[in-house]
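Mapping of the sequence shown onto this note's numbering: position 82 corresponds to residue 85, and the numbering continues sequentially without gaps.
Just so it is clear, CB atoms sit at the ideal spot from N, CA and C, and this is done for glycine as well.
Below is one structure; the comments refer to it alone.
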Amino acid sequence: MSTCRGAVFFEGEQVLAIKKFPIPEPKQGELLVKVEACTICGSDIHTIQGKRSEKSPTILGHEVVGTIIDLSSPVRDFNGLQLEVGHRITWSVCFSCRNCDRCRNDMPQKCRYLKKFGHEYVDEDGPLLGGFSDIVLLPAQATVFQISPEIKSTVICPVNCATATVIASMELAGKVKNKSVLIIGAGMLGLTAGAYCKSRKAKEIVFLDQNKKRIELSKSFGATKIGSSFTDCMDDNADAFDLVFDFAGSTQLIQQSVDFLTIGGKLILVGTVMPAPELTLKPESLVRKLISIYGVHNYRPEHLNKAIEFLLEQADNYPFSELVERSFPLEKINEAIEFATNFKPLRVMIEP
Ligand SMILES: [Zn+2]
Ligand SMILES: [Zn+2]
């Protein structure tokens, strides 16, 4: 039987172990995929550093693009396209039962039986669900999207995590045109959100981040004003923003941002995915100012569809491909993780 490699994470160990796995035969509805590239998401780094708990052992990696190399029955992608060997694809990070109360209530991303690529147990036989691998076997419940061969892997890889999550947050934001927007955190999601808001003609886009390199980069992703704190870039604190997005998970900045929201303003929280200090809210002010607060976690397949369209449409207008600073082969994945940990690039890519 032929084999492939997968980089396995064991809880408590900072180094991934490259293991051999049998290459499975796809059953009905399944797709056998050769990984073209997988970018290392911030959450992968946090898992390896022990900052978030994860099933272990597991093959991490979920921002992934690959090519179908085998299938045993007809499978269609999200848009109804008949998939074939040779098609370049990505897929929704979550796969859900499509049948429980949450799935039926249009929250498949919170399915009671939710599974996520790059987040499931693996033993010596698989299943191969993580992107830090030569091969992924997509189960029949996966939602798959064909990807044009034209678009660079450095642009498209983060689409099924970072970009799709940004699109989910933009759906809650509603119309962006002529709005004043604050983006907390100039990481992959924040920069993508900046590009989105600029492309949708926001009036003002203010970025806050303490990382000098990232905040400078935000100028290429729509920033009209930048700073490391509110005192840096705001003169008064009333009615400054229609929309505040937090992608950094900073309770302190979220707390301060509430006072900057104008009448009818929306606060959209995305970045707090680890335990964080409490937030103090003034209910009277929220009521009188008609403020809405939203949480965003995971996304629905249609958000990924829109995210792919967004990157196809905007890939040449913003330097997305420059956000992937280096690429490593799978056998050097631990070097890649070290580089990502020490230098905090926006993204590092693994090309098996
Ligand atoms: Zn991710
Ligand atoms: Zn479900």
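Whose CA, out of the options, lies closest to the CA of residue i?
i, options, result
"K309", "K206, G188, Y199 and E39", "Y199"
"T93", "F24, N102, A167 and E123", "A167"
"V11", "Q144, E57 and F224", "E57"
"F81", "E305, D319 and T344", "E305"
"G298", "D249, A226 and Q255", "D249"
"T42", "Q17, T61, G133 and K22", "G133"
"C2", "G129, Q31, E66 and S232", "As shown, the chain starts at 4 and ends at 355. That puts residue 2 outside it, with no answer to give."
"N3", "A20, C7 and S5", "What is shown of the chain runs 4 to 355, which leaves residue 3 out entirely."
"K215", "E28, I271, G225 and G188", "G188"
"V125", "F13, S260 and T275", "F13"
"G252", "L74, D212 and R8", "D212"
"K22", "D128, M237, L220 and A143", "D128"
"G9", "V18, I51 and I62", "I62"
"T234", "S95, K201, H49 and Q259", "Q259"
"H300", "F224, I208, V169 and A318", "V169"
"L131", "E287, G267, E334 and T6", "T6"
"F323", "D238, I71, R115 and A196", "A196"
"S59", "R91, K119, E123 and G177", "E123"
"E325", "P286, M191 and F331", "M191"
"K206", "V162, R217 and A226", "A226"
What are the boundary residues of the beta strand (DSSP E) that includes residue i?
i, result
"Q149", "V147 to Q149"
"K22", "A20 to P25"
"M352", "R350 to I353"
"S183", "S183 to I187"
"E207", "E207 to L211"
"L246", "F244 to D249"
Taking the alpha helix (DSSP H) that residue i falls in, what are its first and last residues?
i, result
"E87", "Looking at the DSSP string, E87 is not in any alpha helix (DSSP H), and its letter there is neither H nor E."
"R217", "K215 to L220"
"S236", "The amino acid at residue 236 is misidentified as Ser; the sequence shows Cys. Element bounds for C236: F233 to C236."
"T227", "Looking at the DSSP string, T227 is not in any alpha helix (DSSP H), and its letter there is neither H nor E."
"V158", "S156 to I159"
"G202", "Before going on, a small fix: residue 202 reads as Ser here, not Gly. Segment M191 to S202, the alpha helix (DSSP H) holding S202."
"E334", "No alpha helix (DSSP H) holds E334; DSSP gives it neither H nor E."
"Q317", "P304 to Q317"
"A171", "A165 to A176"
Would you grab the beta carbon distance between residue i and residue j for me? Rounded to a whole angstrom, and I think it's under 8 Å.
i, j, result
"V88", "G69", "That pair is no contact at about 12 Å."
"C97", "C106", "The Cβ separation is near 11 Å, so there is no contact."
"V158", "L307", "About 15 Å separates the two Cβ atoms, so there is no contact after all."
"L349", "E316", "L349 to E316, Cβ: 21 Å. No contact."
"L140", "L35", "6 Å"
"K292", "L264", "7 Å"
"R203", "K180", "6 Å"
"S172", "V78", "With a Cβ gap of about 30 Å, S172 and V78 do not count as contacting."
"C160", "A40", "5 Å"
"I48", "A343", "6 Å"
"S75", "T146", "Actually they are not in contact, since the Cβ atoms of S75 and T146 sit about 19 Å apart, beyond 8 Å."
"F148", "I311", "6 Å"
"G64", "I353", "7 Å"
"Y302", "Q144", "Rounded, the Cβ-Cβ distance is 16 Å, inconsistent with contact."
### Query
Quick one, what's near ligand 2 if you take every residue whose CB is closer than 5 Å to any heavy atom, in chain order?
Going along the chain, the residues that qualify are S99, C100, C103, C106 and C114.
### Task
Give every residue whose Cβ lies closer than 5 Å to any heavy atom of ligand 1, listed in chain order.
Here the list is C44, S46 and C164.
### Task
Within the stretch 257-297, note down every full beta strand (DSSP E) run reaching 3 residues or more, in order along the chain.
The qualifying runs are 264-272.
### Task
For the stretch 12-74, list the alpha helix (DSSP H) runs that are entirely contained and at least 4 residues long, ordered along the chain.
The stretch 12-74 contains these whole alpha helix (DSSP H) runs: 45-51.
### Task
Just list the beta strand (DSSP E) runs in the stretch 85-140, keeping only unbroken ones of 3 residues or longer that don't cross its boundaries, in chain order.
Counting whole runs of 3 or more residues, the stretch 85-140 contains the beta strand (DSSP E) stretches 91-94.
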